[in-house]
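Asks:
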Amino acid sequence: MKQNQGNKKPHKFGMVIDLDKCTGCGSCMVACMSENNVSFRDDESDKQKSITWMRVYKLTNGKPFPETEICYLPRPCMHCEGHHGHSPCVSVCPATATDYDFTTGIVSQIYTRCFGCRYCMAACPYHARYFNWWDPVWPEGMKESLSPNVSPRMRGVVEKCSFCFHRYQLAMEKVYYDGGQELGEDEYQTACTQACPAGAITFGDLNNPKHAVHQLVQPDENHGGKPKNPDAFRLLERLGTNPKVYYFSSRKWVRDAADNNIKNTKDA
Amino acid sequence: MSEFDDKSVDVSTERDVSADSDGDGVKADNGGLAMLLSFIIGLVAALIIGWGVFPALLYSEKEQPVQFNHDLHVNGEYMECESCHYFREDGTFAGVPTLNACIDCHEYPIGSSEAELNFVDNYMATGKEVPWRIYSKQPDCVFFSHAAHVVEAGMDCVACHGHVGTSTSLKPYEENRITGYSRDIWGKDLTGVFKKHPWDSMKMDDCARCHERETGSKGACFQCHK
Amino acid sequence: MKIDRRSFLALVGGGAVGTALTPLPIKLTDDISIWSQSFRGLPNEVPVPADGAASYHPSVCTLCPGGCGISVRKIDDRAVKVEGAAGFPVNNGGVCALGLSGLQLLYGPWRVQAPKKKENGTWKTISWSQAMTEIADKLNKLRQAGRAHAIAGIARTEAGTVPSLLKRLLTACGSNQFFAMPAVDDTFRTAAAQMRGNAAAVGFDFENSSFVLSLSAGLLDGWGAPVRMIAAHSQWRNTGAKLVQVEPRLSNTAAKADQWVAINPGTEGILVLGLAHVIVRDGLYDRAVTQNSESFDALKALLKKDYAPGAVAKATGIGEPVIEQLAKDFAMAANPVAVCGRGSGREPAPVKEVMAVLALNALVGSINRRGGVFTSSPLDYIQWEQPVLDDMATKGLKKSAIDGLHKLPEALNKANVPSIEALIVAEANPVYGSHDAGAMKAAFEQIPLVISLSAYMDETAALADYVLPLHNNLERLEDVPVSAGLKTPVVGLAQPVVKPQLDTMHPGDAILKLASEMGGSVSESFKWRDYKECLKSTFGDDWRALAKDGYIQKTLFGETMDAERLSKRIDFGPLLKSRGAMSEVPGDKNQYPLVLVGYDTMRIAAEWIGTPPFALKTVSDMVIKDDDIFVEVNPATARTLGLKTGKAATLETPAGKARVRVNLSDGIVPGVVAMAKGFGHTAYDRYIAKKGVNTNTLIGPVEDAVSGQDVAWGIRAQLKNA
């Protein structure tokens, strides 16, 4: 057997979302649902029980009419690296049903292994994890539209955004089959990135200087992936979760909101 | 089976006898022997159950819908594994072939074997796909890349599937009554410690062991799970 | 030997030791744990999707007028994902939430499974041949009775071969009562015809604009071709182009704009002329244009008299300095463009308002200029021979028709003899989508024979006597003409992605079949063997290009860009002459102190189809919660009315009454109540129906003085604690 995984620098897939471009249209959310066999119920208006791996939040600057401003913020799983792979959710899982993949930087999981304690949900500061409170039910005929590349989740397990890891798997199969050496930037893109009409989402390998995500944020590996580009920021940076989703916004109040800046507190 | 049954009969007979006879001295004399005997009976019975009855009850044997002769196709007709079990252009693996792969030769029977007639009459003629029972079928939550193993790592089919390619008949499919999986996943050997060939079992631990050995890491969940 | 307690324990002990020496404990434990892990749910087992070969199939989405190119991923015969087609001229890879939910419409329980006939109020499944024979028979009887003109038809749009086939069927029968659901394109065409002398499709070169002034146009809320607009917005972010959103509500478009100018609803036209006033007053207009145009002096006089910033500020609620500055910014920009069409801009707008916007564009030279407004001849690739008319048809065609779809309730409710005795509805949902939907429903109930051609059991189909189930958009071949504000219109080709799942028919084939069943001259009017042949022969030599590329851009039709079309010349006269006030909201101001406006968002399908479950999942719980719809009101308004956020209230308008809940929002002009469009379906099923309120039941039609179209966008309302 060949051993060529060892000498390559591992990938670190990440995402950059330009909030100036995001219009809050919801395409990313639906692209994600359709790609990942996310279930739905006849009433989805209880948002605490509605599963949306990718969720677009609506932020307001809190000012009265007519100074009110709104910013839309898409929130996938941040795929936190923490310190050396200690993402908040991974470190609390008693079932080893979720772990940090050092070769891709993706927080991965085994749905069937999860026994539904929901510690990870409590630990995730981004509310990126969702629990299946019910058996997922597809109305008659609609099972036809389920993708075989993502296994549908059953009641009692937690699920979340995977950065469309199955797309990585399929892309790698093609790379292997073609005898190629490297995965091209456009060969692995998440469903939300691909669908976004605004082109607001950029996805790629943060470790690869040729990839747009790297060039956009210039992650500082010595400081937990903090962006060297001063215009880029991450959510709740001060928690040290070291997320791999970066944002851009030209509006200061948005950047402030991202770190929950309370007056007179300093960056830790 | 009766070894077990006989013994129990013995026990009950003995009990009847001893119940009839009385006297404390007899009881004291026989106490150690009775315990030893009971222990051995229990031990043997458990061993019989554990090694014989349990495995027999755990799996239900099912015949394949069509008796396919790999050897005839591979050695007789000089076909390659890839003729039927091929990679698609996108690098995914087609797995067990559909009727399309067979129609060129077997649209009508070319021999007179019972297996072929069964295949042509019941499947080819009706257009119904053969519901093959796949010995190596992994659960729905597993992602396995043939391209990564066969093309990239250069592994041989035999490494995981054994010598199916040269078999002359298909062995019965043994389905685990509890899990619904094929016996080949856990392996014929229930202890799991006498694994001689890599293809003897294909549990998650087997994957992890090999991955650890070959790549230095067991891999993360998503490497094999979807 | 006697079995006493000790020997029993020994037996058990032996058993335990023996068991430990077998694989039973570990194997059983493992199997049970695997079993528990693969527990797939009770009572509903989680399905295991079948694996197979993946493939991609191109088509064009027809769920909105945007006409995006899509690529559908299939696993063997199953469609599993809709993606945007890269390189398609409209959307270039992007795709919207509704388009992405397309598979739910395809595979969902709301499809009509087979032809249905209503007998004594209950549906009965019948065969296609029975349906066709019965309908043909009834239509023929009407013709023979000299009532050919009482056969009417409603199509979703006017353009394309399928609506044209329906129109042709009606003509061949002897009726000119063909209606298309009203569209904003009609308004643009009317305005362009009057001001530029040719009925032109109006398009916008947004990609090259440097300053976009949007007058309540929901450019990022579904306006035009929605994906294209969002992409254009991203381009503005890259180039530094400025977007100013004038709108009563902080919509997504307003949220993304560089400047949100909150305006009193309905006064957008006044603001436009106010801006024109400043531009003319300060001499910021393009003299080359005005010298070439007619009635400029009259316009100047009118602007001077009626539209001084002070007066405009009073009407619109926008400060004078803002108006002055906005006018200057607009006029000084290199490539400014002004655009209107409320919300998704699908419904017709007041012509006078559109003319004002065209005039503003003309003043700064933005007509037929890079980044501005472009006029082009409408897509007219359908050139069929005249249908064959027999006596019955000729007589029928001499009779007059109802003057617009919105007049239908009035015409039917007043007349002694119903002016429509048979109605064929092709993929339109007027019972849900017309203003004063309640009156439309009542009118439909009076029509003796309603035939609905629909893929879904929607409100209109539910009222019909016959439902002829159609192939869904992913199951059929069809031309998709797209103007939708594009600079260069496109004709896309929708292609079947999956085989028909149910006992359905292509709408074109259904019409051809019906015609052939009717026989005589009606049948003779349709010489095509089937719809596919009809479509191919319609395109003639262009068919190959269409089939190969999946679209044709209009230039391929050999349009000559003559000087007249490319000129910037405009006639301001029609704007000055047109009747009607600039701002008019129906309803009594004292009884109804507030103004209700419906708003569009990209996440809700507000037109002929229901919002699929995936798209519904994206809708905020401050828009719909349980079955209650929320209305947005300014906290100041709420204070005076004593309303609290989340609390139930009664919303009443001259057209209707509904229970709503209140959402206090600083992103709305005081005195305005905003409600999302697209809810309150009564048909469909539990996933779509009975959620919220249909805005159309609260808003009555308003007829435009120029076009005669229904241009209602809002209504006076009152809101009280429930």
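Chains as they are written, first to last, in my numbering: chain F, 1 to 268; chain S, 269 to 494; chain L, 495 to 1216.
Virtual Cβ for every residue (Gly too), placed ideally from N, Cα, C.
1) Enumerate, from N- to C-terminal direction, the unbroken beta strand (DSSP E) stretches of 3 or more residues contained entirely within the segment 948–1025 of chain L.
2) Could you pull out every residue in the same chain whose Cβ sits closer than 7 Å to the Cβ of Glu577/L, ignoring the five residues on either side in sequence?
3) Which residues of the segment 23–34 of chain F have a Cβ closer than 7 Å to any Cβ of chain L? Give them in chain order.
4) Applying the 10 Å Cβ sphere with the 16-neighbour rule, what's the burial state of Glu420/S?
5) Please identify, using Cβ separations under 9 Å, the residues of the segment 497–508 of chain L that lie next to chain S, in order along the chain.
6) Quick check on the DSSP output: the alpha helix (DSSP H) that includes Gln1212/L runs from which residue to which?
7) Between which two residues does the beta strand (DSSP E) holding Pro323/S run?
8) Return the CA-CA distance between Lys252/F and Lys736/L, expressed in angstroms with no decimal places.
9) Which chain L residues are close to Met303/S, counting only those with a beta carbon under 7 Å from its beta carbon?
10) Residues of chain F with CB closer than 7 Å to the CB of Val721/L, please, in chain order.
11) Using a Cβ-Cβ cut-off of less than 7 Å, list which residues of the segment 396–424 of chain S approach chain L; keep chain order.
12) How many whole angstroms separate the CB atoms of Pro152/F and Val540/L, which I take to be in contact at a CB cut-off of 8 Å?
13) What does Ala314/S touch in chain L if you count any residue whose Cβ is under 9 Å from its own?
14) Taking only beta-carbon positions, decide if Ser710/L is within less than 8 Å of chain F.
15) By how many angstroms is the C-alpha of Leu714/L removed from the C-alpha of Ala198/F?
16) Listed in chain order, which residues of the segment 153–171 of chain F have Cβ atoms closer than 9 Å to some Cβ of chain L?
17) Give me, in chain order, the residues of the same chain whose beta-carbon lies closer than 8 Å to that of Tyr327/S; leave out the 5 immediate sequence neighbours on both sides.
18) Which chain S residues sit within Cβ distance under 7 Å of Asp492/L?
19) If contact is defined by three or more beta carbon pairs under 8 Å, each pair taking one atom from either stretch, is the segment 602–619 of chain L in contact with the segment 1173–1186 of chain L?
20) Quick one, are the C-beta atoms of Phe1108/L and Ser553/L less than 8 Å apart?
21) What is the DSSP secondary structure of Asn386/S, reduced to helix, strand or coil?
22) Quick one: what's got a C-beta closer than 7 Å to Ile1209/L's C-beta in the same chain, skipping five residues either side?
23) Residues of chain S with CB under 8 Å from Tyr176/F, in chain order?
24) Assign Phe248/F to one of three DSSP states: helix, strand, or coil.
25) Applying the 10 Å Cβ sphere with the 16-neighbour rule, what's the burial state of Lys635/L?
26) DSSP on His551/L, reduced to helix/strand/coil?
27) Restricting to runs no shorter than 3 residues, where is the beta strand (DSSP E) found entirely within the segment 105–139 of chain F?
28) Just to confirm my understanding: we take Gly509/L, look at its own chain, exclude 5 residues before and 5 after, and list those with CB closer than 8 Å. What are they?
29) Let me see if you follow: with CB-CB separation under 8 Å, is Ser108/F close to chain L or not?
30) Could you name the residues of chain L that Ile378/S contacts, counting a contact when the two beta carbons are closer than 9 Å?
31) Using a 10 Å radius around the Cβ and a threshold of 16 neighbouring Cβ atoms, would you call Phe462/S buried or exposed?
32) Hey, would you say Ile1182/L sits closer than 8 Å to Gly1067/L, going by beta carbons?
33) For the segment 477–489 of chain S, which residues have a beta carbon sitting closer than 7 Å to at least one beta carbon of chain F?
34) Take Val213/F and list the residues in its own chain whose beta-carbon comes closer than 6 Å to its own, dropping the five residues that flank it on each side.
35) So with Cβ pairs under 8 Å, would you call Arg283/S a contact of chain L?
36) Is the CB of Lys1141/L under 8 Å away from at least one CB in chain S?
Replies: Inspection of the coordinates gives the following:
1) Counting only runs of 3 or more, we get 960–963, 972–976, 984–988.
2) Ile564, Ser565, Arg567, Val589
3) Thr23, Gly24, Cys25, Gly26, Ser27, Met29, Val30, Ala31, Met33, Ser34
4) buried
5) Ile497, Asp498, Arg500, Ser501, Phe502, Leu503, Ala504, Leu505, Val506, Gly507, Gly508
6) Segment 1208–1215 is the beta strand (DSSP E) holding Gln1212/L; no alpha helix (DSSP H) there.
7) Not the beta strand (DSSP E): Pro323/S falls in the alpha helix (DSSP H), residues 322–326.
8) 19 Å
9) Contact note: Met303/S reaches chain L through Arg500, Ser501, Ala504, using a C-beta cutoff of 7 Å and chain order.
10) Near Val721/L (Cβ distances below 7 Å), the residues of chain F are Pro197.
11) Flagged, chain order: Pro407, Asp408.
12) 5 Å
13) The contacting residues are Gly508, Gly509, Ala510, Val511, Gly512, Thr513, Ala514, Leu515, Thr516, Leu518.
14) no
15) 10 Å
16) Arg153, Met154, Arg155, Gly156, Leu170
17) Glu442, Glu443, Asn444, Arg445, Arg451
18) Residue 492/L is absent from the model: chain L starts at 495 and stops at 1216.
19) yes
20) no
21) helix
22) Val1079, Pro1080, Gly1081, Leu1090, Thr1147, Pro1148, Ala1149, Leu1192, Ile1193, Gly1194
23) Gly359, Ser413, Ala415, Ala416, Val419, Glu420
24) strand
25) exposed
26) strand
27) 106–109
28) Closer than 8 Å at the Cβ level, and outside the excluded window around Gly509/L, lies no residue.
29) So no, Ser108/F is outside the interface.
30) Those do not exist, as Ile378/S stays about 27 Å from chain L at its closest Cβ, beyond 9 Å.
31) exposed
32) no
33) Per Cβ criterion, the list reads Glu482, Thr483, Gly484, Ala488, Cys489.
34) Annotation for Val213/F: Gly14, Val16, Thr202, Gly204, Leu206 place their beta carbon closer than 6 Å to its own, counting only its chain and skipping 5 residues before and after.
35) Residue placement at Arg283/S is flagged as unreliable, the pLDDT there being 45, under the threshold of 50; a coordinate-derived value is accordingly withheld.
36) Chain S contact via Cβ: absent.
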